[in-house]
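Visitor: Be aware that the sequence shown starts at 228, since it is given in this note's numbering, and climbs by one per residue. Just so it is clear, CB atoms sit at the ideal spot from N, CA and C, and this is done for glycine as well. From a predicted model like this one, the values you see are computed outputs, not experimental measurements.
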Amino acid sequence: MSDNYRSREERRRAMNDNKPEGKSQGKPKKKKKGGLFRKIVAAVLLIGIIGLIAGVGTFFAMISDAPKVDDSVLKNSFSSKVYANDGKTVVKEIGAQKRTYVQYDEIPQVVKNAFIATEDVRFYKHHGVDFYRIGGALMANFKNGFGAEGGSTITQQVVKNSFLSPKKTVKRKVQEMWLAYQLERKYSKQQILEMYLNKIYFASGEVYGIERAAEKFYGVKSVKDLTLDEAAMLAGLPKAPTTYNPVTNPENATKRRNTVLNLMAKNGFITQAEADKAKQVDVQAHLAKQTESTSKYDVFIDQVIEEVKKKTDADPFSAGLEIYTTLDTNAQDYVDDVMNNKVVNFPNDKFQAGLVVVDNETGGIQAIGGGRNRVSGGLNFATNMRRQPGSTIKPILDYGPAIENLKWSTGQPLKDEEYHYSNGTPIRNFGRNYKGWVSAREALGRSLNIPALKAFQATGADKAKEFATGLGLKLDEEDGEAYSESYSIGGFRTGVTPLQMAGAYSAFANEGMYNAPHTVTKVKFPDGTEIDLTPKPKRAMQDYTAFMMTDMMKSVVNESYGTARAVRTPGLEIAGKTGTSNFSAADKQRYNIPDAGEKDVWFNGFTPNYTISVWTGYETPKDGYILSPNETGMAKNIFKHVITHISEGKPKGSFKQPDSVVERSVEKPTGKDLKRPSGSTPSSLITKEYFVRGTAPTKVSQTFVKKEKEEKKEDKKENKKEKKDNKDVKPKITASYSGGAISVNWSASNAASDTTFTVTMSSPNGSEQLASGAGAGGKTISNPAPGATYSFTVTTNTGESASSSVKVPDSSDQATEDDSTKPEDDGTTDDNQNEDNSNTDQNNGSDQGDDSSTQPDDNQNNNNGSNNGSNNGSNNGGNNSGNTDNNNNDSGNANDGNSGNNSNNGGTTTPPADNGGSDSGSQTPQTPATPSTPATPATPQQEPTTEN
228 MSDNYRSREE
238 RRRAMNDNKP
248 EGKSQGKPKK
258 KKKGGLFRKI
268 VAAVLLIGII
278 GLIAGVGTFF
288 AMISDAPKVD
298 DSVLKNSFSS
308 KVYANDGKTV
318 VKEIGAQKRT
328 YVQYDEIPQV
338 VKNAFIATED
348 VRFYKHHGVD
358 FYRIGGALMA
368 NFKNGFGAEG
378 GSTITQQVVK
388 NSFLSPKKTV
398 KRKVQEMWLA
408 YQLERKYSKQ
418 QILEMYLNKI
428 YFASGEVYGI
438 ERAAEKFYGV
448 KSVKDLTLDE
458 AAMLAGLPKA
468 PTTYNPVTNP
478 ENATKRRNTV
488 LNLMAKNGFI
498 TQAEADKAKQ
508 VDVQAHLAKQ
518 TESTSKYDVF
528 IDQVIEEVKK
538 KTDADPFSAG
548 LEIYTTLDTN
558 AQDYVDDVMN
568 NKVVNFPNDK
578 FQAGLVVVDN
588 ETGGIQAIGG
598 GRNRVSGGLN
608 FATNMRRQPG
618 STIKPILDYG
628 PAIENLKWST
638 GQPLKDEEYH
648 YSNGTPIRNF
658 GRNYKGWVSA
668 REALGRSLNI
678 PALKAFQATG
688 ADKAKEFATG
698 LGLKLDEEDG
708 EAYSESYSIG
718 GFRTGVTPLQ
728 MAGAYSAFAN
738 EGMYNAPHTV
748 TKVKFPDGTE
758 IDLTPKPKRA
768 MQDYTAFMMT
778 DMMKSVVNES
788 YGTARAVRTP
798 GLEIAGKTGT
808 SNFSAADKQR
818 YNIPDAGEKD
828 VWFNGFTPNY
838 TISVWTGYET
848 PKDGYILSPN
858 ETGMAKNIFK
868 HVITHISEGK
878 PKGSFKQPDS
888 VVERSVEKPT
898 GKDLKRPSGS
908 TPSSLITKEY
918 FVRGTAPTKV
928 SQTFVKKEKE
938 EKKEDKKENK
948 KEKKDNKDVK
958 PKITASYSGG
968 AISVNWSASN
978 AASDTTFTVT
988 MSSPNGSEQL
998 ASGAGAGGKT
1008 ISNPAPGATY
1018 SFTVTTNTGE
1028 SASSSVKVPD
1038 SSDQATEDDS
1048 TKPEDDGTTD
1058 DNQNEDNSNT
1068 DQNNGSDQGD
1078 DSSTQPDDNQ
1088 NNNNGSNNGS
1098 NNGSNNGGNN
1108 SGNTDNNNND
1118 SGNANDGNSG
1128 NNSNNGGTTT
1138 PPADNGGSDS
1148 GSQTPQTPAT
1158 PSTPATPATP
1168 QQEPTTEN
């Protein structure tokens, strides 16, 4: 009975099941090969078909709204409008008015070959798109990011500049390729190359098209007259017209021209020998003299054009753009006046200046001073000229990085001393002297080089470079030089521009936020597309670094030691830094430049609102050097005028201290550590500095506490020594009567220079002090009371004393003689004369007799030595008793407080008769020596004055 099976597989299984166990099953049947591979291939094909369909659909979707190839657009240009910062004022309309169209047949083959070798070597082999070149560009983009390198052919460049916006998107690239293919179908290669050479931009001043470029740079009447080296130079310009401009950047231009010559030789357009010969020609040898003067705002608009081309690839001269800028017409007009000698007086016509004004908050350039007596397309001293920055680099490479990374304070101690670079080369300050320990603030204010290098070394070269890079300075990357310690004091081989320095300094004023300086905010295309070109702000440093560096730079302006005191402006808070650079020894010798001659003088300064970088100098060493005060001060002078003008009528603002910063009082540096002042620290040595919060010093200085203790200890020793010395002092006093007067003299053996004496007298009228002061001396007592005994005591400041007494004879004859010596109108005691006689050793010079012989002394009051040391005459030791008449005549105004002319001849004094004079300076009527003569009140004394 046959079995019924529904399939071959069931039959195969049944046959296998019926086989007896234990028997060999035989070899298993092999599976057919290729099943899996076929499935993979099928899947790939399917995916490919789907992808192709999707790609084709996407492609057509992308090109569906692509513009059509329009002949009028290809051959004609559309002007672009440039707006000021108000967004409404059109400051200029730039376009094709300076274009000279040239036909293909009029363009020499050497020019065509130069551009083809440089821009599109396979121009005659592709159909608008070069896929080989695109492959290379894709690899570069894969490595460096999308947009790193373009694969555009000459045809694509014509399309891009004529029809499309410059956005680097996939859609725009697809449309560009599609239109390039369409253009190649419609026009010949010769026509496309003609369009290209007549549309490209060559230089500022609206130099547009090959014919115009030939005339501008080489003064030729036709492009046919260009030589090989000239054609190569022009072919190299479109990539970066400003960077490779042979007029302003001959070094870069030479490199670019030689690159073009090498490409021409490589691709067989010329021989290597021809290329080498052309390379020997000086890139500036055949340049025409640039005589076309600039028009209003041209300097600013040149920068606008460069930015638009760099950021959008659009041609402002033909693309019909609306360009919105940061131009402040008021500021630019004033800067133009400065450059034209209407505000400051420049020393001569060759003296140059370049400046840039930047808004701190946005980075927008308000105005540009490109130079004096400029011609269209000439060197822009604000944006293209690179010079050594001198000491203006110190906030960027030295102190800024130290505060940022090491959290230094503004008072960080640094020792200014003999020093050298790490390689052993000596470094010196400008003044060839050293200040010892100084704060970072003072070191910057005085612009000392040695502390700056120490700050650079403390932070490290890499950290310093990183800080500078964050502020827009690429340092060695732009000129290939080796980054070294000499950078710390501005020792660059090439240098920086005012544009770069203005951008870097504005970050200090903007709390550490860096906005790349720019002139264009947005661009609007004819199709309505808008591109925002405003740079995004980025943090370049911490807010504490920005504030503390700003405050240090305020000291450069405000402190007595600051190098920029000349820029002080009432009502404006200004910070900044000066900088100078010198000529090389070779230049000094070659151009006969004196040692004091300077190459560059800078001032970079800012307020809370604006930053201005100013450079001054000469274009070349043969043009001159900076020496006179007018020249050295010109950068600061320009800054002051411009910052004053642009700040008028606007809120001035102030630099605000962030929470991350604290202010503390410290002792001025005397060593490597800052300390708080003690109660003994002199106020002149206490200063206030800023610190990053949490880093302020806590230790109190013991410097002056120790000094005070040492001084007290020394004083104590000195006092003991003085007491010991004074024990040997033996005072002596004598008193004698003669000629109706008592003569008293005192002295001391072994007396020191500072030994003082106090002399007292006892009489029938009581006790009184005759004298007090340093040095030996004497007194004369006139008209003593007959029969009375007078006692005198002298006491030294060491406590030693001596006494003497004398009895006046009781004689009617003597009384009569004595009465005759009394003043006619005053019987009071001349205490002022007593005081004068008691200080004989304090008067300088000899007895000049100015008053004693011609004027009586009317000052009968005791002034307690108030005239000590003031009179220029001297007392003759109380020995001139014979001149009593002259000294006791009352003139009423002999001692009027004037220092220098009271001389007491003999120091004669009228003694009290009954009740003794007062020491207080008041006048008391005296009892006459004889009853027959009544006492007369003294004339009130005028109080002496002292002129300080």
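Quick check on G362: buried or exposed, where buried means 16 or more other Cβ atoms within 10 Å of its Cβ?
Guide: Walking along the sequence shown from the start, residue 362 turns up at place 135. Its Cβ having fewer than 16 others within 10 Å, G362 is exposed.
Visitor: Starting from N809 and walking both ways along the beta strand (DSSP E), at which residues does that stretch end?
Guide: Along the sequence shown, one-based indexing puts residue 809 at 582. From DSSP, the beta strand (DSSP E) with N809 extends over 802-809.
Visitor: Have a look at R613, G590, Q615, G581 and flag the residue whose alpha-carbon is nearest the alpha-carbon of N600.
Guide: In the sequence shown, the residue the question calls residue 600 occupies position 373. For the residues R613, G590, Q615, G581, the minimum Cα distance to N600 belongs to G581.
Visitor: With 16 as the cutoff for other CB atoms within 10 Å, does Y351 come out buried or exposed?
Guide: By 1-based counting over the sequence shown, the position of residue 351 is 124. Under this definition Y351 is an exposed residue.
Visitor: Please report the straight-line C-alpha distance between E786 and R792, rounded to a whole angstrom.
Guide: Along the sequence shown, read from residue 1 onward, the residue named residue 786 stands at position 559. Along the sequence shown, read from residue 1 onward, the residue named residue 792 stands at position 565. Using only the alpha carbons, I get a separation of about 7 Å.
Visitor: Give me the DSSP bridge partner(s) of S963.
Guide: As a working mapping, residue 963 is identified with position 736 in the sequence shown. S963 is bridged to S970.
Visitor: Please report the straight-line C-alpha distance between W635 and T897, rounded to a whole angstrom.
Guide: As a working note, residue 635 is residue 408 in the sequence shown. As a working note, residue 897 is residue 670 in the sequence shown. Looking at the two C-alpha atoms, the distance is approximately 17 Å.
Visitor: Would a C-beta distance cut-off of 9 Å place I381 and Y423 closer than the cut-off?
Guide: Translated into positions along the sequence shown, residue 381 becomes position 154. Translated into positions along the sequence shown, residue 423 becomes position 196. Cβ atoms of I381 and Y423: closer than 9 Å.
Visitor: State the Cα-Cα distance for the pair N737 and N607, rounded to the nearest angstrom.
Guide: Numbered from 1 along the sequence shown, position 510 holds the residue referred to as residue 737. Numbered from 1 along the sequence shown, position 380 holds the residue referred to as residue 607. Taking the straight line from one Cα to the other gives about 27 Å.
Visitor: Can you tell me where the beta strand (DSSP E) holding P856 begins and where it ends?
Guide: Working through the sequence shown from its first residue, we reach residue 856 at position 629. Run containing P856: none in the beta strand (DSSP E); it sits in the alpha helix (DSSP H), 856-859.
Visitor: Among M776, E320, P904, which one has its Cα closest to the Cα of F918?
Guide: Position 691 of the sequence shown, counted from the start, is the residue given in the question as residue 918. Answer by Cα proximity: M776.
Visitor: Near E800, what residues of its chain come up, given a Cβ to Cβ distance below 8 Å and the 5 sequence neighbours on each side ignored?
Guide: For the purposes of this step, residue 800 is taken as the residue at position 573 of the sequence shown. Excluding positions up to five away in sequence, the list reads K781, T834, P835, K879, G880, S881, F882.
Visitor: Would you kindly check if the distance between the Cβ of S999 and the Cβ of F1019 is under 9 Å?
Guide: Here residue 1019 corresponds to residue number 792 of the sequence shown, with the count starting at 1. Here residue 999 corresponds to residue number 772 of the sequence shown, with the count starting at 1. Not a contact, by the Cβ cut-off of 9 Å.
Visitor: P678 lies in the beta strand (DSSP E); which residues open and close that run?
Guide: Reading the sequence shown from its first residue, position 451 is the one you call residue 678. No beta strand (DSSP E) contains P678, which is instead part of the alpha helix (DSSP H) from 676-686.
Visitor: Taking buried to mean at least 16 other C-beta atoms within 10 Å of its own C-beta, is V271 buried or exposed?
Guide: Stepping through the sequence shown from its first residue, residue 271 is reached at position 44. Burial call: exposed.
Visitor: Rounded to a whole number of angstroms, what is the C-alpha to C-alpha distance between G789 and K867?
Guide: Locating residue 789 in the sequence shown gives position 562, where the first residue counts as 1. Locating residue 867 in the sequence shown gives position 640, where the first residue counts as 1. Going from the Cα of G789 to the Cα of K867 covers about 16 Å.
Visitor: DSSP has V585 in a bridge; who is on the other side?
Guide: Position 358 of the sequence shown, counted from the first residue, corresponds to residue 585. DSSP output for V585 lists I592, T838 as bridge partner(s).
Visitor: Nearest to N676 by alpha carbon, out of D689, N660, G687?
Guide: Within the sequence shown, the letter at position 449 stands for residue 676. Each of D689, N660, G687 was checked against the Cα of N676, and the nearest Cα belongs to N660.
Visitor: Which residues bound the alpha helix (DSSP H) around K1006?
Guide: The residue you call residue 1006 lines up with position 779 of the sequence shown. No alpha helix (DSSP H) contains K1006, which is instead part of the beta strand (DSSP E) from 1004-1009.
Visitor: How is the beta strand (DSSP E) around Q499 delimited, first residue to last?
Guide: Here residue 499 is taken as the residue at index 272 of the sequence shown, counted from 1. Counting along the chain, Q499 falls outside any beta strand (DSSP E), though it belongs to the alpha helix (DSSP H) covering 499-506.
Visitor: Taking F342 as part of the alpha helix (DSSP H), name the residues at either end of that continuous run.
Guide: Your numbering for residue 342 matches position 115 in the sequence shown. It spans 336-346 - the alpha helix (DSSP H) in which F342 sits, taken as one unbroken run.
Visitor: Given a cut-off of 9 Å on the beta-carbon distance, is the pair G717 and P856 in contact?
Guide: Sequence index remark: in the sequence shown, residue 717 carries index 490 (1-based). Sequence index remark: in the sequence shown, residue 856 carries index 629 (1-based). Result no, Cβ atoms of G717 and P856 do not sit closer than 9 Å.
Visitor: Are G597 and T610 close, meaning C-beta to C-beta below 9 Å?
Guide: The count along the sequence shown starts at 1 and reaches residue 597 at position 370. The count along the sequence shown starts at 1 and reaches residue 610 at position 383. It is a contact, given that the beta carbons lie within the stated cut-off.
Visitor: For S733, collect the residues of the same chain with a Cβ closer than 6 Å to its Cβ; drop the 5 residues on either side in sequence, then sort them by chain order.
Guide: Translated into the one-based positions of the sequence shown, residue 733 becomes position 506. Here the set comprises V585, N587, T838.
Visitor: Going straight from the alpha carbon of N568 to that of L912, what length do you get?
Guide: As a position in the sequence shown, residue 568 is number 341, starting the count at 1. As a position in the sequence shown, residue 912 is number 685, starting the count at 1. Across the structure, N568 and L912 are spaced so that their CA atoms are roughly 46 Å apart.
Visitor: Using DSSP with H/G/I as helix, E/B as strand and the rest coil, what is D643?
Guide: The residue given as residue 643 occupies position 416 in the sequence shown. Strand.
Visitor: Would you check if the distance between the CB atom of T345 and the CB atom of A462 is smaller than 9 Å?
Guide: For the purposes of this step, residue 345 is identified with residue 118 of the sequence shown, where counting begins at 1. For the purposes of this step, residue 462 is identified with residue 235 of the sequence shown, where counting begins at 1. Yes. Within cutoff.
Visitor: Buried or exposed: where does P628 fall if 16 or more other Cβ atoms within 10 Å of its Cβ makes it buried?
Guide: Counted from its first residue, the sequence shown places residue 628 at position 401. Buried, because 16 or more other Cβ atoms sit within 10 Å of the Cβ of P628.
Visitor: Around the Cβ of Y551, are there at least 16 other Cβ atoms within 10 angstroms (buried) or fewer (exposed)?
Guide: To locate residue 551, count along the sequence shown from 1; it is residue 324. The residue in question, Y551, is buried, as its Cβ has 16 or more Cβ neighbours within 10 Å.
Visitor: Roughly how far, in whole angstroms, is the beta-carbon of G755 from the beta-carbon of A743, given that I think they are within contact range, below 8 Å?
Guide: Locating residue 755 in the sequence shown gives position 528, counting from the first residue. Locating residue 743 in the sequence shown gives position 516, counting from the first residue. Contact between G755 and A743 does not hold, since the beta-carbon distance rounds to 27 Å and is not under 8 Å.
Visitor: At the level of alpha carbons, what is the spacing between G819 and D850?
Guide: On the sequence shown, residue 819 is found 592 positions in, with the first residue counted as 1. On the sequence shown, residue 850 is found 623 positions in, with the first residue counted as 1. In the sequence under discussion, the amino acid at residue 819 is Asn, which differs from the Gly named in the question. Their Cα atoms are separated by approximately 12 Å.
Visitor: Give me the Cα-Cα distance between D503 and N472, rounded to the nearest whole angstrom.
Guide: On the sequence shown, position 276 is the one that residue 503 refers to. On the sequence shown, position 245 is the one that residue 472 refers to. About 21 Å.
Visitor: Is it the case that the segment 973-984 contacts the segment 995-1010, given that we only count it when at least three CB pairs across the two stretches are under 8 Å?
Guide: yes
Visitor: According to DSSP, is E786 helix, strand or coil?
Guide: Against the sequence shown, residue 786 aligns to sequence position 559. Correct three-state label for E786: coil.
Visitor: Any idea if K959 is buried or exposed, counting beta-carbon neighbours within 10 angstroms, 16 or more meaning buried?
Guide: Residue mapping note: residue 959 aligns to position 732 of the sequence shown, counting from 1. Residue environment analysis places K959 among the exposed positions, since fewer than 16 neighbouring C-beta atoms fall within 10 angstroms of its C-beta.
Visitor: Where N1113 and S1030 are concerned, what is the direct C-alpha to C-alpha distance, given to the nearest angstrom?
Guide: Within the sequence shown, the letter at position 886 stands for residue 1113. Within the sequence shown, the letter at position 803 stands for residue 1030. In this prediction, N1113 has a pLDDT of 36, which is less than 50 and means its spatial position is unreliable; nothing more can be read from the coordinates.
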